Structures are given as C-alpha cells and as structure tokens.
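Chemist: FYI, in the numbering used here the residues of the first sequence are -7 to 482. Mind looking over this structure? Questions follow.
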Amino acid sequence: MAKNLTTRENDYSRWYNDLVIQADLADNSGVRGCMIVKPYGFAIWERIQQELDSRFKETGHVNAYFPLFIPKSHFSKEADHVEGFAKECAVVTHYRLKNNPNGSGIIVDEDAKLEEELIVRPTSETIIWDTYKKWVQSYRDLPIMVNQWANVVRWEMRTRLFLRTSEFLWQEGHTAHATEKEAIFESQQMIDVYGDFVEEYMAIPVIRGTKSSNERFAGALETFCIETLMQDGKALQAGTSHFLGQNFAKAFDVKFQDKDGGMKFVWGTSWGVSTRLMGALIMTHSDDNGLVLPPKLAPIQVVIIPIYRGEKEFEELDPVALKVLKELKASGIRVKYDNRDTHKPGWKFNEYELKGVPLRIALGPRDLEKGTAEVARRDTLSKELVKLKDLSDHIKSNLSEIQVQLYAKAKKSLDANINPADDWESFESALDKGGFVSAHWDGTSETENKIKEMTKATIRCIPIENKKISGSCILTGKPSKERVLFARAY
RNA sequence: CGGGAAGUGGCGCAGGUGGUAGCGCACCUGGUUUGGGACCAGGGGGUCGCAGGUUCAAAUCCUGUCUUCCCGACCA
C-alpha cells in the first residue's frame, strides 16, 4: 500500500492531486495555475506526442511553428472567436523593465508601452489564418495540412494539474481546403485519429460525438469530440476537432482562384489534444496504490529488481539480471534494471507500483536455484513464478494482455455507466449516481442552459453512432429526434 | 473573481499569552541488513511564503501581497 496516498473512496479529488505529485508527474510552480511537468510525467507526454505525431504524418500533415504572441487586431477579426476567448487572455502591454528609482527593485518601464498590445495565444486560429491568406492564391495551393506542437495560455480561475492549467502543452492542427466536403472529411478523420489513438494506445474507451451549439468551439460550425468517463463518474473531454466552415477564411479574407476561374473562400478545420490527456490517463486506470500505465504508453514497461544479501549474492545475480535485461531490450521492450544498492527491494516494489510500471521482475537467490523469476503485474497486483527460459515470451504476452485488459475494464465501466432517463426524476437521480445520462433534448440552447442551471450537467455530446429514435425532451416535453449524453464534467 | 482554510529544514507537522525554533520521515557518515517502504549510533540542514508596520525584542500582534487546497462564479 502506498504511503500518504489518499484513497479514492476517501477523497477522489485529493487522491488525484496526491498521485500526480507523488508519482513524480508534475508539480505546482510559483506562478498561479502553471505547472512544472517533471521528467517522468514528460516522458509519458513524449510517448503520447511521438505516437500522435506519426499518426498525423500518416494522414498527410506536416509540422510548423507559429508565434506565441498574437496582435490584438488579428485576434478581434472573428466575432464568435473573440467572444469565446476574450475573458481568458493574457495580454502583453510593455516590452521593458527598469530599476525602480526608489531602489526597491524592478518595475515596468511605462515609456516602453507597446503601440499594439499582444495577446498570448489561447489558440492559434487567428495568426494562422492571417498567414494562410499569404499562402493561398490558387486551388493548387490547397490543401494546407499543418500541425504545431506548442504551449497556450488561458487564464483560468480554478486550476488542477493536467486537467485545467493556465498554461498547457498541446498540438493544434489547422487545415485549409478547397471544398466543404474535404474540410468535413478532414475534421471527421482527425476525431477518428484521436479516438483510435486514445483507445488503442492509452487504453481509454471514448464516445465519439458532436457538440451542442452551447459547447461548440468559438468560431466553428461543428465540433466533433471524444468524451471519456473517469472513475468518479465525471465526464472528461479528451479531444476536439472543428469544422470551421468558411468563418475564418471570411474573417481573414483567405480566397483562392478555383479551376473554374472564380474566387472562393477556403474551408477550414482545426483540432487539438492537450496535456489534459495525462489527466484522463491517470483517472482512468490508476488505483489506491498509485499510477497504472498501459504498456504501450509506459516509459518503463518492465523493471528488474535484484534481491540479494551481501556482495557475493549480488555477484551471482548480476550476470543473470543483465542477461534478462539484454534479452528483453533485444525484443524491443522498454526495460530498466534497478541495481541501486541504496534502496531495499521492498522500497523499490512500492516505488514502481506508485509510478505505474506494468511489470516487475524480481530475481533472488531462490530463483537462481530454480532457474525462475517472480513476475508481478501492476494492474492485478498478482505474482507468478516464471522459468527464465520462458521469461521473454511471458513478458511479451503479459504486456499485450495488460494493454487489452486495461481497455476492457475501462470499457466495461464506461458501458455500465451510460444510463437512460425518460423522466425528470430519474434524470436527476441518474446524474447523481454519476456517469453519462442518455436522454432526449429538444435541441435548443435555452433548454440546455436551464438543465445546466438546475443540475450542473451539460450535454457532453451527441453520439455519432446514435440510433435516431425520436422521443420527447426530458425537461420541456417537446419533440426530440434522438438521445444525447448528459453528464457533470471536468 | 467572491467565501473559507493554510503556508515554519526536501516532505508532513508542532510551537503562537512576543524573548531569536522543535518533532517524525527524508538526507549525510559508519556498521549490521536486503523475497513488500530495515535497524543502531553519530551528524548536517530553516533570513518561519514575501513586503511593510507595532515593539527594546516578531514564527508569534497589525496591514498588504503571493501561492496552495475546499466551496461558488467562470471555463470549447
């Protein structure tokens, strides 16, 4: 049992906070709402980046980099967009500091006021569309399929490590197309890329859907999303992809001459996932002993821990451990041999459990005699004696089994927590139980707002694979074409 | 941004009627240990979040400010 880790039952939110810090993923910094991503946490993020990046490249995208600062005038061009982000923008107004004449330190130099203030990007649509204007003349210049890995800033009032921070890391894809059909295809394709990645790689089951107009991205015509459910029954948006129509093209005057000779506005998309995925990862699989990582994502998949008394025993063990290490490495497994003499085996067991390493191999004198190793699984906390000659195969099959089982477990929990409700009373009690509530909605913003006021629940998504069975709205009784998913969300 | 709580060695906390800081864990040294967070002995480390103020004297009292946590408002 992990020391000092609050149990989930006791206080889920505190469990999460403790875990992030104790597993060495991230820490708070001296700046409100900004986090320090520690090496172990960043290693996981790098694995997310690596895999996503290659999937982006496979689907025809290239990486580029746009500036952190956005001129205020660019930012104000698309009305809905401004409306959506204005309240959470950091603004740069000066470019110089000076010594305070009264000797009390450093102050802003009022003489160095910027003529045009700069916004720290909350997202990059505006500066990118301002740029695309210069890149696009002809249909031959399209499509543009650009992604960037960057940090963004949204001045949040209430923050939590990974889930909502004022500065966070993400990728944002921005594409421009000649036709509406192409742009819609792109935004749908990317939500599938996200969905497949999150399910296959992070072992987190998702629901693919579209957003209601209330929850839609500021400036988009349609927002596709993947929604997940955490162990405490709250929903978490894990990724979004937006069909922007011609909104940004019109705002930034991005036109091209088509084959027919006519001038047309281009069609756009944007899509992103952020370090919030780390939060989803932590809250989907982990337990009261600490982090649980799916093997495909774990920076360390297997740790080898030697158990010995005195130098003699270590001398005998070490070559065997090294041989196992070499063998596992050779078959492409990310393995660490922790031969530090500064910590006892029991200490290491707990440490790697807290950090979610999927498999642990313990090698001691008893194993040496019998030609075995003890293999322990992080997800089930079970142990097994395995013959050394079978070890490599055993580890490989264990890793893929863990990956499959983590997903299956999370999927089962997701499915078990989608509850239908057909009247207001059962709607409310279903929300209180946690999870998604599948209910009819009359399709209006007003009704969604009222429901939000009354229950704190929002429409998380309109599932893509929805059966179009009509009914009547849970609140107003007006006709509804299909059920949507409500939940209280992060 | 409102309401509440808190900030004291790396971590968790005590001290608070003002008199210059202590405990547990961690750390360092030596020894014994090592199959689920070892033990003994010795040792190092803190301008008490920061800035002002009251006072002969401030961790302690006052004011401001920053950060964190909880609740709310806000949030794609």
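All C-beta atoms, glycine included, are put in the ideal place defined by N, C-alpha and C. If you're wondering where the values come from, they're calculated on a predicted model, not measured in any experiment.
#1: Do residue 138 and residue 120 have their beta-carbon atoms positioned less than 9 angstroms apart in this structure?
#2: Bridge partners for residue 279 per DSSP, in chain order?
#3: Quick one: residues in its chain with C-beta nearer than 6 angstroms to the C-beta of residue 458, no 5 flanking neighbours on either side, listed in chain order?
#4: In the DSSP assignment, find the beta strand (DSSP E) that holds residue 266 and state where it starts and stops.
#5: For residue 54, collect the residues of the same chain with a Cβ closer than 8 angstroms to its Cβ; drop the 5 residues on either side in sequence, then sort them by chain order.
#6: Cα separation between residue 293 and residue 344?
#7: Pull the bridge partners of residue 450 from the DSSP assignment, please.
#8: Since residue 354 sits in a beta bridge, which residues does DSSP pair it with?
#9: State the beta-bridge partners of residue 166 as determined by DSSP.
#10: Could you check what DSSP says for residue 148 in three-state terms: helix, strand or coil?
#11: Go through its chain and collect everything with a Cβ distance to residue -7's Cβ below 6 angstroms, but skip five positions before and after it.
#12: So does the stretch 178 to 191 actually touch the stretch 152 to 161, counting three or more Cβ pairs closer than 8 angstroms?
#13: I need the straight-line Cα distance from residue 396 to residue 403, nearest angstrom please.
#14: Helix, strand or coil for residue 74? Go by DSSP, reduced to three states.
#15: Just to confirm before moving on: does the CB-CB distance between residue 258 and residue 371 stay below 9 angstroms?
#16: May I have the straight-line CA-CA distance separating residue 2 from residue 10, to the nearest angstrom?
#17: With burial defined as no fewer than 16 other Cβ atoms inside 10 Å of the residue's Cβ, what is the status of residue 203: buried or exposed?
#18: Using a Cβ-Cβ cut-off of 7 angstroms (strictly less than) and excluding sequence neighbours within five positions of residue 378, which residues of its own chain qualify?
#19: Just the C-alpha distance for residue 59 and residue 470, rounded to the nearest angstrom, thanks.
#20: Under the three-state reduction of DSSP, which class applies to residue 181: helix, strand or coil?
#21: With burial defined as no fewer than 16 other Cβ atoms inside 10 Å of the residue's Cβ, what is the status of residue 21: buried or exposed?
#22: Could you check which residue in 353, 308 and 339 has the C-alpha nearest to that of residue 328?
#23: Is it buried or exposed, residue 278, if we count other Cβ atoms within 10 angstroms and call 16 or more buried?
#24: Hey, how far is the Cα of residue 175 from the Cα of residue 167?
#25: Any chance you could list the beta strand (DSSP E) runs of at least 3 consecutive residues sitting entirely within the stretch 206 to 232, in chain order?
#26: Could you give the first and the last residue of the continuous alpha helix (DSSP H) run that contains residue 122?
#27: At 3 residues or longer, and completely inside the stretch 42 to 116: list those beta strand (DSSP E) runs for me, N to C.
#28: By the 10 Å Cβ neighbour count, where 16 or more other Cβ atoms means buried, how is residue 129 classified, buried or exposed?
#29: Is DSSP giving residue 291 helix, strand or coil here?
#30: So, for residue 52: in the same chain, excluding its five sequence neighbours on each side, which residues have a beta-carbon less than 6 angstroms away from its beta-carbon?
#31: Quick check on the burial criterion: 16 or more other C-beta atoms within 10 angstroms. Buried or exposed for residue 57?
#32: By the DSSP assignment, the beta strand (DSSP E) with residue 390 in it spans what residues?
#33: If you measure between the beta carbons of residue 296 and residue 313, is that distance less than 9 angstroms?
#34: Residue 479 to residue 213, Cα distance in whole Å?
#35: Among 233, 350, 164 and 201, which residue has its Cα nearest to the Cα of residue 45?
#36: By the three-class DSSP mapping on this structure, what secondary structure does residue 197 have?
Modeler: Taking the structure as given:
#1: It is a contact, given that the beta carbons lie within the stated cut-off.
#2: DSSP, once it has assigned bridges, lists 282 as partnering residue 279.
#3: Answer for residue 458: 474, listed in chain order.
#4: From DSSP, the beta strand (DSSP E) with residue 266 extends over 259 to 266.
#5: Only 137, 138 and 139 meet the Cβ criterion.
#6: Residue 293 and residue 344: Cα-Cα distance of roughly 10 angstroms.
#7: Looking at the DSSP assignment, residue 450 forms a beta bridge with 479.
#8: According to the DSSP secondary-structure assignment, residue 354 is paired through a beta bridge with 297 and 366.
#9: 138 and 262.
#10: Three-state result, residue 148: coil.
#11: In this prediction, residue -7 has a pLDDT of 41, which is less than 50 and means its spatial position is unreliable; nothing more can be read from the coordinates.
#12: Not touching, per the Cβ criterion.
#13: One alpha carbon belongs to residue 396, the other to residue 403, and they sit about 10 angstroms apart.
#14: Residue 74 sits in a helix when the DSSP states are folded into three classes.
#15: Against a cut-off of 9 angstroms, the Cβ pair of residue 371 and residue 258 comes out as no contact.
#16: Those two C-alpha atoms are separated by around 12 angstroms.
#17: Residue 203 comes out buried.
#18: Within the same chain, Cβ atoms closer than 7 angstroms to the Cβ of residue 378 are found at 364, 365, 367 and 386, the five residues on either side in sequence being excluded.
#19: Cα to Cα, residue 59 sits roughly 48 angstroms from residue 470.
#20: Helix at residue 181.
#21: Only exposed fits residue 21, as fewer than 16 other CB atoms lie within 10 angstroms of its CB.
#22: For the residues 353, 308 and 339, the minimum Cα distance to residue 328 belongs to 353.
#23: Classification of residue 278: buried, given that the 10 Å Cβ count is 16 or more.
#24: Roughly 8 angstroms separates the two Cα atoms.
#25: With a minimum length of 3 residues, the continuous beta strand (DSSP E) runs that stay inside the stretch 206 to 232 are 214 to 221.
#26: Run containing residue 122: 117 to 127, per the alpha helix (DSSP H) assignment.
#27: Taken in chain order, the unbroken stretches of beta strand (DSSP E) that lie wholly in the stretch 42 to 116 and span 3 residues or more are 61 to 63, 83 to 86, 89 to 91, 98 to 100 and 105 to 112.
#28: Residue environment for residue 129: exposed (fewer than 16 other C-beta atoms within 10 angstroms of its C-beta).
#29: In the three-state reduction of the DSSP assignment, residue 291 falls in the coil class, being assigned neither a helical nor a strand state.
#30: Result list for residue 52: 137, in chain order.
#31: Exposed.
#32: Counting along the chain, residue 390 falls outside any beta strand (DSSP E), though it belongs to the alpha helix (DSSP H) covering 383 to 408.
#33: Less than 9 angstroms separates the beta-carbon of residue 296 from that of residue 313.
#34: Between residue 479 and residue 213, the alpha-carbon positions lie close to 23 angstroms from each other.
#35: If we check each option's Cα against that of residue 45, 164 comes out closest.
#36: DSSP, read as helix, strand or coil, puts residue 197 in coil.
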